[in-house]
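Heads up: the structure comes next, in structure tokens.
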Amino acid sequence: MYSFVSWCVVLLSTGTVLGKELTDIERLSAKPKHCSYAYAFDMYGAHCAGLGLARIPSLRGGIEILDFSKNMLKNLHKDTFSSYTSIKFLYLSENYIRHIDEDALTSLTDLRTLDLSTNAITKLPDSLFQLPSLQKLYLSGNALTYLDSHYTGISKPIAAPLELIDVSDCELREVPDLGTIPELKFLNVSHNPLVSLQTSVFARACNLAKVDITGAIDVIRLCSLRSTITWFDEKHVYFVLDDYSRLNTKEFANCPREEISAELNATHTECKSSYLQVQTMRSSQRSMLTILAGLAGFLVGFILLLYLTHRWNVSKTKSAEKKMKPTGDGDKQATANLLHNVA
């Protein structure tokens, strides 16, 4: 009997301790219910990832980074980000986004990076490609089957200065043709069932340094790849594959070698010219800003110098006035006596 009671006490005590431990563990692992705020790279950001939110909550003003990934957002409307126009980095991956209004992102004129990967997007608004500061665009894992070389829903040339585009695993059958993209450096079209690899698309990306075609060219006939692979080699574009063995076969080596057409070279040259014009314009703008900043600094310094000179003159005048004291009665009498004696 004593033994049974002892075991009961032990079990009850153990259960209480285990219950407390589980409560502590649950408390520590519990997800936050509200967005948190912090500075990253001298920018103010809001972290709202993984909160199960179906809409953007009311956030603090002035945020430049918004991480809203792993939530339940379904649509982007005109007023979704209208109160947060200072956003530069926007992460919306792993939501349920299906529709984006044409004017949903137009207010984000400072937006540099946009991550829309792993959503349910089937169509992108033209305005997205016209954002004036957008440099990196991640669209991986969306069914963008419409976005082929014949799609006319995007105004070309696009205005966005895109340097990176990720459209991997988007069920694409062709590499998207966005017109002349002189600043594009990296293009990821991996894991798409491409049926062709058009050289003309790459000719319009005259500063392209790297293209990822991993798992994307398996069904394309080897000899159909020859002209584009030759283009990559001649323009020093590094292309990524998980298996290069197909390109090292005799079959590929025996494919007719086509010379790069004058039309493609002209397209590439035109792209380079456009790039140089943009760089020259930006350099001129920077020079003008530098001149204006220098002029403003000079004017501020000149005004400050005038103010200090004025203050010095006022101080000097006051000092002189203090030294010139009025003549007292004793001095007046002494002067009168002196004049009387002289007379």
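Residue numbering for the sequence shown follows this note's numbering, beginning at 13 and increasing consecutively.
Heads up, the beta-carbon is just placed ideally off N, CA and C, and yes, glycines get one too.
Counting of Cβ neighbours within 10 angstroms places proline 194 among the buried residues, the total reaching 16 or more. The C-beta distance from threonine 130 to serine 105 rounds to 5 angstroms, short enough to fall under 8 angstroms.
With fewer than 16 other Cβ atoms inside 10 Å of its own Cβ, tyrosine 51 counts as exposed. In the three-state reduction of the DSSP assignment, lysine 284 falls in the helix class, which pools H, G and I. Comparing C-alpha distances from glycine 153 to each of His89, Phe214, Leu146, Asn204 shows the shortest one belongs to Asn204. Across the structure, aspartate 54 and leucine 288 are spaced so that their CA atoms are roughly 31 angstroms apart. A direct Cα-to-Cα measurement between leucine 140 and proline 268 gives close to 41 angstroms. Counting along the chain, threonine 125 sits inside no alpha helix (DSSP H); it lies in the beta strand (DSSP E) bounded by residues 125 to 127. Of the residues assessed, isoleucine 315 falls on the exposed side of the cut-off, its CB having fewer than 16 other CB atoms within 10 angstroms. Inclusion of valine 223 and phenylalanine 251 in the CB contact set at 7 angstroms is warranted, their separation being smaller than that value. Non-local beta-carbon contacts of lysine 148 in its own chain, meaning distances under 6 angstroms to residues more than five positions away in sequence, involve Thr125, Leu176 in chain order.
Taking the Cβ atoms as the reference, aspartate 91 lies roughly 17 angstroms from cysteine 60, outside the contact range of under 8 angstroms.
In this structure, the beta-carbon distance from alanine 172 to leucine 143 falls below 7 angstroms. Burial of glutamate 76 is indicated by the presence of at least 16 other C-beta atoms within 10 angstroms of its C-beta. Contact between glycine 62 and tyrosine 49 is ruled out by a C-beta separation of about 16 angstroms, above the 8 angstroms threshold. In this structure leucine 190 is buried. Its beta-carbon is surrounded by 16 or more other beta-carbon atoms within 10 angstroms. Excluding residues up to 5 positions away in sequence, Thr211, Phe214, Ile272 lie with their Cβ nearer than 7 angstroms to the Cβ of tryptophan 243 in the same chain.
Judged by DSSP secondary structure, serine 48 falls within the beta strand (DSSP E) whose first and last residues are 48 to 52.
Here glycine 57 carries a strand assignment [DSSP, helix/strand/coil]. Taking the CA atoms as reference points, cysteine 182 sits about 18 angstroms from tyrosine 103.
Secondary structure of tyrosine 319 (DSSP, three-state): helix. Around the beta carbon of histidine 280, 16 or more other beta carbons lie within 10 angstroms, which makes this residue buried. Serine 180 and histidine 162 have their C-alpha atoms roughly 19 angstroms apart.
Nearest to arginine 110 by alpha-carbon distance, out of Leu85, Arg238, Ser98, Ile99, is Leu85.
Between glutamate 186 and the set Leu159, Cys235, Phe198, the nearest pair of CA atoms involves Leu159.
Apart from the 5 residues on each side of it in sequence, phenylalanine 198 sits with its Cβ closer than 6 angstroms to the Cβ of Leu176, Lys222 in its chain, given in chain order. Cβ neighbours of leucine 174 within its own chain (closer than 7 angstroms, five residues either side excluded): Leu146, Gln147, Leu149, Ile193, Glu195, Leu196. In the DSSP assignment, phenylalanine 141 falls outside any beta strand (DSSP E) and carries neither an H nor an E. Bridge partners of aspartate 245 according to DSSP: none are assigned.
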